[in-house]
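Novice:
Residue numbers (this note's numbering): 7 to 392.
1. Put residue 52 into one of helix, strand or coil per three-state DSSP.
2. Just how far apart, CA to CA, sit residue 382 and residue 310?
3. Return the CA-CA distance between residue 342 and residue 263, expressed in angstroms with no decimal places.
4. Return the first residue and the last residue of the beta strand (DSSP E) that residue 329 is part of.
5. For residue 72, which of helix, strand or coil comes out of DSSP?
6. At which residues does the beta strand (DSSP E) containing residue 99 begin and terminate?
7. What does the Cβ neighbour count give for residue 81, buried or exposed, with the cut at 16 atoms within 10 Å?
8. Output yes if chain E places a C-beta closer than 8 angstroms to the C-beta of residue 372; else output no.
9. Who pairs with residue 294 in a beta bridge, going by DSSP?
10. Please go through the same chain and pick out, in chain order, the residues whose beta-carbon is closer than 7 angstroms to the beta-carbon of residue 45, but skip the five residues on each side of it.
11. Buried or exposed for residue 15, please, with buried defined as at least 16 other CB atoms from any protein chain shown within 10 angstroms of its CB.
12. Please determine, among 60, 85 and 187, the residue with the shortest C-alpha to C-alpha distance to residue 74.
13. If you follow the alpha helix (DSSP H) that residue 152 is in, where does it begin and where does it stop?
14. To the nearest angstrom, report how far apart residue 152 and residue 334 are at their CA atoms.
15. So, residue 314 versus residue 355, is the Cβ gap smaller than 8 angstroms?
16. Per DSSP, what kind of secondary structure is residue 377 in: helix, strand or coil?
17. Got a sec? Which residues, its chain only, sit under 6 angstroms from residue 21 by beta carbon, not counting five neighbours each side?
18. Straight-line CA distance for residue 24 to residue 65?
19. Give the range of the alpha helix (DSSP H) segment to which residue 215 is assigned.
20. Taking the C-alpha atoms as reference points, what is the distance between residue 259 and residue 373?
21. Determine the closest residue to residue 133 out of 50, 173 and 17, with distance taken between C-alpha atoms.
22. Which residue or residues does DSSP assign as beta-bridge partners of residue 183?
23. In chain order, what residues of the same chain lie with their CB nearer than 6 angstroms to the CB of residue 268, ignoring the 5 residues before and after it?
24. Does the contact criterion of 3 or more C-beta pairs under 8 angstroms hold for the stretch 229-241 versus the stretch 203-212?
25. Assign residue 211 to one of three DSSP states: helix, strand, or coil.
26. Are the CB atoms of residue 77 and residue 96 within a distance shorter than 8 angstroms?
27. I believe residue 248 touches residue 17 by the beta-carbon criterion, under 8 angstroms. Please report the beta-carbon distance rounded to the nearest angstrom.
28. At what residues does the alpha helix (DSSP H) containing residue 16 begin and finish?
29. Tell me the DSSP secondary structure of residue 66 in three-state form.
30. Can you name the residues that DSSP bridges to residue 271?
31. From the DSSP output, in three-state form, read off residue 339 for me.
32. State the start and end residues of the unbroken alpha helix (DSSP H) segment that holds residue 366.
33. Between the C-alpha atoms of residue 318 and residue 131, what's the straight-line distance to the nearest angstrom?
34. Using a threshold of 8 angstroms, state whether the C-beta atoms of residue 296 and residue 340 are closer than that.
35. Report yes if the C-beta distance between residue 141 and residue 119 is below 8 angstroms; otherwise report no.
Have a look at this one:
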């Protein structure tokens, strides 16, 4: 294995947080409609190994429709939307149970989370989903995410679990996303039709030429194709997350990647935290502001979160999750971040200790008005008078 191959193989082993998407064609035998149990057990062993060395792992699992259609006696071929949703409702129970069995065999707690693409785009639902997933990971569980196919429409038809995996990676600031499917990666052309097609081990930039290499759906079991994988790569890379497309048609597919197995890496050139900070500082428009005291300003400069005790005034109206300006006692903007509370709630807790939040608001929220992960401390600006 070359040095370049070794470096690529180490990306997965060194990642702090990994999102793994598993395609339907790997989980379910296309001829029988039955679960590929032995393969799933090998993947669970890989996940357990990763968790054992301190990595967070999130699974995005297809397969509910493929499993459910057999139990409902639905015929082969394309299903109507309502049939797909019915199959998903039946198959999701079996899919969740299968993941529970294979992961709990390794002492790994499993959580089922059903999302739609909209849950990663609408602010309030996004924040709730992110908070739940981060809490599950902090408690040592492995979230198993699937689209909520019983209520989704376009997601079923377009195979958005690839893009959903990338959105989850973006949401959780993951370092690496792995798309396991029935193809080993990206070729310059369809190798089944063009014997001169070259395999691409690494993609440094997603150009129009790269996009043109993606064809249509391949498997008769899943609904996604290379086009959705390349689009997922664009989302992930834009969030500072490497993305790997690899074949899962081998036992222990994650271990195979780490051992230099054939796959295509889409390379991110910035860290997830750096990308997120840039987004907060430069992209989001501030909906309101907070004025803080000197002690809080000093604490922010040391990398601390903003606590309610340090807030002395609230400017404007904003909702939970909105970007807000943070202004010091001299009137200079010292930071910008995403508020964990609405402006009305901050007015009720400002100047108070975090331990008093539940009594004041009637519910227990975060201890911080802005957590340090959602906060960007700004340097002096020319022309600001600083």
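The beta-carbon is built from N, C-alpha and C at its ideal position, and this holds for glycine as well. This structure is a prediction, so every number in the text was calculated from the model and none was measured.
Specialist: So, to answer that:
1. As a working mapping, residue 52 is identified with position 46 in the chain shown. Helix at residue 52.
2. Position 376 of the chain shown holds residue 382. Position 304 of the chain shown holds residue 310. Cα-Cα distance, rounded: 11 angstroms.
3. As a first step, residue 342 is located in the chain shown; it is residue number 336 there, counting from the start. As a first step, residue 263 is located in the chain shown; it is residue number 257 there, counting from the start. When the Cα atoms are used, residue 342 and residue 263 turn out to be separated by approximately 39 angstroms.
4. In the chain shown, residue 329 corresponds to position 323, counting from 1. For residue 329, the enclosing beta strand (DSSP E) stretches over residues 329-333.
5. For the purposes of this step, residue 72 is taken as the residue at position 66 of the chain shown. When secondary structure is reduced to three states using DSSP, residue 72 falls in the helix class.
6. Against the chain shown, residue 99 aligns to sequence position 93. In the DSSP annotation of this structure, residue 99 is not part of any beta strand (DSSP E); the continuous alpha helix (DSSP H) holding it starts and ends at 87-110.
7. Working through the chain shown from its first residue, we reach residue 81 at position 75. Burial call: exposed.
8. Checking the listed chains, one finds no chain E in this structure; it contains a single protein chain.
9. Here residue 294 is taken as the residue at index 288 of the chain shown, counted from 1. In the DSSP assignment, the residues bridged to residue 294 are 330.
10. Translated into the one-based positions of the chain shown, residue 45 becomes position 39. Cβ neighbours of residue 45 within its own chain (closer than 7 angstroms, five residues either side excluded): 32 and 257.
11. Against the chain shown, residue 15 aligns to sequence position 9. Residue 15 is buried by the Cβ-count criterion.
12. Here residue 74 refers to the residue found at position 68 when the chain shown is read from its first residue. Taking only the C-alpha atoms, the option nearest residue 74 is 85.
13. As a first step, residue 152 must be located in the chain shown, where it is residue number 146. Premise fails: residue 152 lies in the beta strand (DSSP E), 148-153, not in any alpha helix (DSSP H).
14. Taking the first residue of the chain shown as position 1, residue 152 is located at position 146. Taking the first residue of the chain shown as position 1, residue 334 is located at position 328. Answer to the nearest angstrom: the Cα atoms are 44 angstroms apart.
15. Taking the first residue of the chain shown as position 1, residue 314 is located at position 308. Taking the first residue of the chain shown as position 1, residue 355 is located at position 349. Yes. Within cutoff.
16. On the chain shown, position 371 is the one that residue 377 refers to. It is coil, neither helix nor strand.
17. Mapped onto the chain shown, residue 21 falls at position 15. Within the same chain, residue 21 has close Cβ partners 181 and 182.
18. Here the question's residue 24 lines up with position 18 in the chain shown. Here the question's residue 65 lines up with position 59 in the chain shown. Approximately 9 angstroms between the Cα atoms of the pair.
19. Position 209 of the chain shown, counted from the start, is the residue given in the question as residue 215. Residue 215 -> alpha helix (DSSP H) spans 214-218.
20. Here residue 259 is taken as the residue at index 253 of the chain shown, counted from 1. Here residue 373 is taken as the residue at index 367 of the chain shown, counted from 1. Cα-Cα distance, rounded: 40 angstroms.
21. The sequence position of residue 133 within the chain shown is 127, counting from 1. Out of 50, 173 and 17, the CA that lies nearest to the CA of residue 133 is found in 173.
22. Mapped onto the chain shown, residue 183 falls at position 177. The partner list for residue 183 (beta bridge, DSSP) reads 25 and 249.
23. One-based indexing of the chain shown puts residue 268 at position 262. Correct list, in chain order: 190.
24. Contact between the stretch 229-241 and the stretch 203-212 is present, because at least three Cβ pairs lie under 8 angstroms.
25. Your numbering for residue 211 matches position 205 in the chain shown. DSSP places residue 211 in coil when its eight states are reduced to three.
26. Within the chain shown, the letter at position 90 stands for residue 96. Within the chain shown, the letter at position 71 stands for residue 77. Contact flag set, yes.
27. By 1-based counting over the chain shown, the position of residue 248 is 242. By 1-based counting over the chain shown, the position of residue 17 is 11. Residue 248 to residue 17, Cβ: 5 angstroms. Contact.
28. Counted from its first residue, the chain shown places residue 16 at position 10. Residues 9-20.
29. For the purposes of this step, residue 66 is taken as residue 60 along the chain shown, with counting starting at 1. Residue 66 falls in the strand class under three-state DSSP.
30. The residue labelled residue 271 in the question sits at position 265 within the chain shown. 208 and 250, per the DSSP bridge assignment.
31. Locating residue 339 in the chain shown gives position 333, counting from the first residue. Three-state result, residue 339: strand.
32. Taking the first residue of the chain shown as 1, we reach residue 366 at position 360. Note, residue 366: alpha helix (DSSP H), 363-367.
33. If you number the chain shown from 1, residue 318 lands on position 312. If you number the chain shown from 1, residue 131 lands on position 125. Spanning the two alpha carbons is a distance of roughly 29 angstroms.
34. Walking along the chain shown from the start, residue 296 turns up at place 290. Walking along the chain shown from the start, residue 340 turns up at place 334. Cβ distance not < 8 angstroms, so residue 296 and residue 340 don't count as in contact.
35. The residue labelled residue 141 in the question sits at position 135 within the chain shown. The residue labelled residue 119 in the question sits at position 113 within the chain shown. No, Cβ-Cβ distance for residue 141 and residue 119 is not below 8 angstroms.
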